[in-house]
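Trainee: Residue numbers for the sequence shown follow the numbering used here, beginning at 18 and rising by one. The beta carbon of each residue, even a glycine, is placed where N, CA and C say it ideally should be. Keep in mind the model is a prediction, meaning the values are calculated, not measured. Once you've had a glance at the structure underneath, I'll fire off some questions.
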Amino acid sequence: MAIAKKKVTKPIAKKSVVTTKKVSAQKTENPSSDDFWKYAPAPESKDHVTLKEKYDLYIGGKFVKPNSGKYYETINPASGEVIAKIADGNEKDIHLAVTAARKAYDQHWGKLPGKERAKYIFRIARMMQERAREFAVIETMNGGKPIRESRDIDIPLAANHFFYYAGWADKLDYAFPNAKPKSLGVAGQIIPWNFPLLMAAWKLAPALATGNTVVLKPAESTPLTALKLAELIHDAGVPEGVVNIVTGFGPAGASLVNHPGIDKIAFTGSTPVGKYIQKAIAGTPKKATLELGGKAAHIIFDDAPIDQAVEGIVNGIFFNQGHVCCAGSRLFIQENVAELVIRKLKQRMKTLIVGDPMDKNTDIGAINSKEQMDKINQYIKIGIKEGAEIYQPECALPAKGFFCKPTLFLHTSQSHRIVQEEIFGPVLAVQTFRTLEEVIEKANNIPYGLSAGVWTDKGSKIFNLTTQLRAGVVWANTYNKFDPASPFGGYKESGFGREGGLHGLYPYVSLQS
Ligand code: ADP
């Protein structure tokens, strides 16, 4: 790493005392300055994790074989190794799941008082906390994200969502005063691969709290934590049929969308599939919330705390491999500090550790699948061809699995495809601006509107921007901060409807006006 060549008097921020000592010892044996800054491996143990060889569908409170009799292999994207076989659900399985969910709704769950529903949801939350380490390891094995993220962000936030919505279950009359909130019936929920357990929690918790039953379709490449959640829900004694989990590919999702027994669709995924869903349910009474793609503007003004902003940029796009729909993938820097910010950003990029996601030191883990890796590589080629200047730090990538270096594209313009299109990888397109009006214009000139970030010392600038940016979430002097109490969702091609907070209850109830 280039930083090692400098004379540094104290270890850079993240190095622990223990690590420094160990590597100092290494230095005595091997005086190479490069080795001085290497972290000792810190792999998370997998010993406490039990996984079955084969996973069935969870329908009507039981694990059942798929109608087709077919199973597909789910892999660890960091090594390519097969972790388990997963049931390939089809239209008939979806029908069984919807029938089970309807029965559970009509006979039990739909009539259960809120405080009784809350007990189950609280139990799910508590059990998830108890098994948090197991969930974190499986999330990282199946999804490729660094264990630090699974452990510190995904799993605690998922449990917090269940806690938060459990709290609302017996207070719906206060959430919607004089509106007599009623559950809708059966919700069909389809989730993506970037936050597998967290997305399941975002979908299930408000649906159950408001008295609906559910059929959930996890993403094909990351089904394991949802299946573990099925086991947990079973152990929690949640009545049969209240939650059904059908694994499979796109056609299983489409069957769920088109099933006449579904009252509401909640979808998080790509904009093309979101458009397909909207067309498919047009003219039906089905309600929908769609959380789709994004291309967030991350705006740095010259009065920003630059070092913190650089950390925010790194957090916004490079951590979690850019596999975040709200990733800050377009960077706008005020012209007079552009050189400084870029220099500091490059310096920080050199210190990022790309590699084994199970290692606690890793910043950038594995890309989730070969398809996604190919797509990112394709966009990197497009960026070069479009004439943007590429920067990638020198770092060795593991020989196996799917990995991508953090990538910066400088001198981009609004018309570049890497600026307009969602890449979903650790690729950042940089532009500069001079005035507030110019940056608002540029930030909004995009088909998406999910999120944005702004760094400035001036509160007035923040308020000015937040009212003018067409984005569902605008973070100020921070980035990618989530809380179950705060709503999330998009404008324009980023979808509609809000998840999280009080707003997240609306899509699951009908109200009397
Ligand atoms: P991504 O590009 O993030 O993989 P997708 O939109 O392709 O996003 O996938 C998100 C979820 O939507 C996955 O669970 C996937 O299986 C499901 N899906 C894919 N195609 C369809 C479809 N035509 N109808 C419903 N769900 C679908």
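#1: The alpha helix (DSSP H) with residue 143 in it runs from where to where?
#2: Determine the direct distance from the alpha carbon of residue 249 to that of residue 414, and round the result to whole angstroms.
#3: Would you give the residue range spanned by the beta strand (DSSP E) that residue 492 belongs to?
#4: Return yes when at least one heavy atom of ligand 1 lies under 7 Å from the C-beta of residue 235, else no.
#5: Are there 16 or more other CB atoms within 10 angstroms of the CB of residue 517, so buried, or fewer, so exposed?
#6: Helix, strand or coil for residue 116, going by three-state DSSP, please let me know.
#7: Restricting to runs no shorter than 4 residues, where is the alpha helix (DSSP H) found entirely within the segment 300 to 325?
#8: Taking 8 Å as the cut-off, does the segment 311 to 331 touch the segment 294 to 301 (at least 3 CB pairs, one atom from each stretch)?
#9: Below 8 Å between beta carbons: does that hold for residue 262 and residue 233?
#10: Taking 7 Å as the cut-off, is the C-beta of residue 89 nearer than that to any heavy atom in ligand 1?
#11: Any chance the segment 374 to 383 sits against the segment 147 to 166, with 3 or more Cβ pairs inside 8 Å?
#12: Considering just the uninterrupted stretch of the beta strand (DSSP E) at residue 262, what are its terminal residues?
#13: Assuming residue 311 and residue 445 form a contact by the criterion Cβ under 8 Å, report the distance between their Cβ atoms to the nearest whole angstrom.
#14: Could you tell me whether the segment 198 to 211 touches the segment 280 to 291, where touching means 3 or more Cβ pairs closer than 8 Å?
#15: Exposed or buried, what is residue 510 when buried is set at 16 or more other beta-carbons lying within 10 Å of its beta-carbon?
#16: Go to residue 290, then tell me how far its alpha helix (DSSP H) extends in each direction, as first and last residue.
#17: Output yes or no for whether 8 Å exceeds the beta carbon distance between residue 418 and residue 60.
#18: Spell out the partners DSSP gives residue 240 in its beta bridges.
#19: Excluding five sequence neighbours on each side, which residues of the same chain lie with their C-beta closer than 6 Å to the C-beta of residue 457?
#20: On the three-state DSSP scale, how would you describe residue 59?
#21: Would you decide whether residue 451 is buried or exposed? Buried here means 16 or more other CB atoms lie within 10 Å of its CB.
Mentor: According to the data block:
#1: From DSSP, the alpha helix (DSSP H) with residue 143 extends over 131 to 147.
#2: Rounded to the nearest angstrom, the two C-alpha atoms are 36 Å apart.
#3: Per DSSP, residue 492 belongs to the beta strand (DSSP E) from 490 to 493.
#4: Taken from the Cβ of residue 235, at least one heavy atom of ligand 1 lies inside 7 Å.
#5: Counting Cβ neighbours within 10 Å, residue 517 comes out buried, since at least 16 surround it.
#6: Taken through DSSP and simplified to helix, strand or coil, residue 116 comes out as helix.
#7: Correct list: empty.
#8: The segment 294 to 301 is not in contact with the segment 311 to 331.
#9: By the CB criterion at 8 Å, residue 262 and residue 233 fall inside the cutoff.
#10: Every heavy atom of ligand 1 is 7 Å or more from the Cβ of residue 89, so no.
#11: Yes, since at least three Cβ pairs between the segment 374 to 383 and the segment 147 to 166 fall closer than 8 Å, the two stretches touch.
#12: DSSP places residue 262 inside the beta strand (DSSP E), whose first and last residues are 260 to 262.
#13: Incorrect: roughly 14 Å between the Cβ atoms, too far for contact.
#14: With the cut-off at 8 Å, the segment 198 to 211 and the segment 280 to 291 touch.
#15: Around the C-beta of residue 510, 16 or more other C-beta atoms lie within 10 Å, and the residue is accordingly described as buried.
#16: Note, residue 290: alpha helix (DSSP H), 288 to 298.
#17: No, they are not a contact pair.
#18: Note: residue 240 sits in no beta bridge, so no partner.
#19: The beta carbon of residue 457 sits closer than 6 Å to the beta carbons of 485 from its chain, once the five residues preceding and following it are set aside; these are given in chain order.
#20: DSSP, read as helix, strand or coil, puts residue 59 in coil.
#21: With fewer than 16 other Cβ atoms inside 10 Å of its own Cβ, residue 451 counts as exposed.
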